[in-house]
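Number of protein chains: 2
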Amino acid sequence: MQKARNILGDLERAVIEHLWAAPHTSSGVTVREVHDAVGVDRGLAYTTLMTVLDRMTKKGLVSRQRDGRAWRYTAASSREALTSETMHHTLGELAGDERRGALLHFLGSSSPEEVDELRSALADLEARQQPADVSGGRSGRPA
Amino acid sequence: MQKARNILGDLERAVIEHLWAAPHTSSGVTVREVHDAVGVDRGLAYTTLMTVLDRMTKKGLVSRQRDGRAWRYTAASSREALTSETMHHTLGELAGDERRGALLHFLGSSSPEEVDELRSALADLEARQQPADVSGGRSGRPA
DNA sequence: GCCTTCTACGACGCATCGTAGTATTGCGGG
DNA sequence: CCCGCAATACTACGATGCGTCGTAGAAGGC
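Chains as they are written, first to last, in our numbering: chain R, 1 to 143; chain L, 1001 to 1143.
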């Protein structure tokens, strides 16, 4: 009985989208604000957003903290982190040798821009680690 | 109305797993064979696998061809291709600048092995295109 | 002709998600 | 001190997807 392959629903997506858009400086967004932002134009009831936020909390997608008798919600992980995590999850289902093939496929069906982005991200990462050891790989420090 | 974020269910996963394991030389696998392979141990009825295969066909996950009065099923895309496609799908939901961040995240949370794999895959791809232009990037051919 | 093997089609149970109503609780104004 | 507003907590309902089967025919084999 392992479930939970659906990362995000449709409304959930819109909601977290809004949370991501909120300034990190704030201590979070109230249900009312989320409703005003993504609920009203869709003609949704306040309680709908409440339920959704509540369920997302239980799933660990968002976190919240008290503010008076209201909750203030924030996204649990950044958009980039969630995307990365999802991609890892997808890739993680493959055995090592298949991963290479999948990555090759991935690159092959990427646009030149994406490849560039990846290349530069790789360079960034490399620079951040051991600027010396570029020869064989197996760069030490994990995590 | 964009749906279809669930790529694979649970049984579906097992089924396509079996199809992937089948020799490509064969012209496909019958329901009977799939049932024997992944259905019997789970105590599933023959018809269950029939339905699942049928639905997967309608979703384009597998393809089939007649063989007498039976169908022979084959996976529509390779495991690697499907994985790659899913990853692209995930990444594709981001805007350009966020993609970079996501990729950085992705690399940052990858094991050294994965980074190596990616690096070598990138090198492969590069070699396959313009063996000359390695200097600046912006590899011409826009797909 | 009867038994087997397949396909087609419909059905049911359960989980998830979008959606919302009702009950409850706490704070501030009169 | 009590009322009502606002926000939360609790519960519910319909749609859809998926796993699971059953039944009804069609096509052959003996």
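Backbone N, C-alpha and C define an ideal beta-carbon position, used for all residues, glycine too.
Cα-Cα separation, residue i to residue j
| i | j | result |
| --- | --- | --- |
| Gly1108 of chain L | Leu125 of chain R | 7 Å |
| Thr57 of chain R | His89 of chain R | 21 Å |
| Gly9 of chain R | Arg1032 of chain L | 36 Å |
| Leu1044 of chain L | Thr1025 of chain L | 28 Å |
| Leu122 of chain R | Ala1070 of chain L | 50 Å |
| Ser1139 of chain L | Ser111 of chain R | Because Ser1139 of chain L carries a pLDDT of 43, less than 50, the predicted location of this residue cannot be relied on, and the following value inherits that uncertainty. Using only the alpha carbons, I get a separation of about 10 Å. |
| Gly68 of chain R | Val29 of chain R | 13 Å |
| Ile7 of chain R | Leu82 of chain R | 9 Å |
| Glu1114 of chain L | Phe1106 of chain L | 10 Å |
| Arg1042 of chain L | Val1015 of chain L | 12 Å |
| Glu93 of chain R | Met1050 of chain L | 25 Å |
| Gln65 of chain R | Arg13 of chain R | 21 Å |
| Tyr1046 of chain L | Arg1072 of chain L | 15 Å |
| Thr1086 of chain L | Asp1036 of chain L | 29 Å |
| Glu17 of chain R | Val1040 of chain L | 44 Å |
| Lys1003 of chain L | Ser1078 of chain L | With a pLDDT of 40 at Lys1003 of chain L, under the threshold of 50, the modelled position of this residue cannot be trusted; read the value that follows with caution. The alpha-carbon atoms of Lys1003 of chain L and Ser1078 of chain L are separated by roughly 23 Å. |
| Ser1120 of chain L | Arg55 of chain R | 42 Å |
| Ala22 of chain R | Val1038 of chain L | 47 Å |
Span of the alpha helix (DSSP H), counted from its first residue to its last, around residue i
| i | result |
| --- | --- |
| Ala1021 of chain L | Asp1010 to Ala1021 |
| Val29 of chain R | Where Val29 of chain R is concerned, there is no enclosing alpha helix (DSSP H), given that its DSSP letter is neither H nor E. |
| Val115 of chain R | Pro112 to Arg128 |
| Lys1058 of chain L | Tyr1046 to Lys1058 |
| Asp1097 of chain L | Gly1096 to Gly1108 |
Extent of the continuous beta strand (DSSP E) to which residue i belongs
| i | result |
| --- | --- |
| Ser78 of chain R | No beta strand (DSSP E) contains Ser78 of chain R, which DSSP labels as neither H nor E. |
| Val1062 of chain L | Val1062 to Asp1067 |
Integer Cβ distance of residue i from residue j, believed to fall under 8 Å
| i | j | result |
| --- | --- | --- |
| Leu11 of chain R | Val62 of chain R | About 13 Å separates the two Cβ atoms, so there is no contact after all. |
| Leu103 of chain R | Leu1118 of chain L | 5 Å |
| Arg1100 of chain L | Leu1091 of chain L | About 11 Å separates the two Cβ atoms, so there is no contact after all. |
| Trp1020 of chain L | Ala1075 of chain L | 6 Å |
Residue i CB to nearest heavy atom of the ligand MN below 7 Å
| i | result |
| --- | --- |
| Lys1059 of chain L | The ligand MN is not part of the structure shown, which contains no ligands of any sort. |
* Interface residues of the region 1101–1119 of chain L facing chain R [CB-CB below 8 Å] -> Gly1101, Ala1102, Leu1103, Leu1104, His1105, Phe1106, Leu1107, Gly1108, Ser1109, Ser1110, Ser1111, Pro1112, Glu1113, Glu1114, Val1115, Asp1116, Glu1117, Leu1118 and Arg1119
* Asked: If you measure beta-carbon to beta-carbon, which residues of the region 61–89 of chain R are closer than 7 Å to chain L?
  -> Cβ contacts with chain L: Arg79, Glu80, Ala81, Thr83, Ser84, Thr86, Met87 and His88.
* Asked: Can you list, in chain order, the residues of the region 1038–1060 of chain L whose Cβ is nearer than 9 Å to any Cβ on chain R?
  -> none
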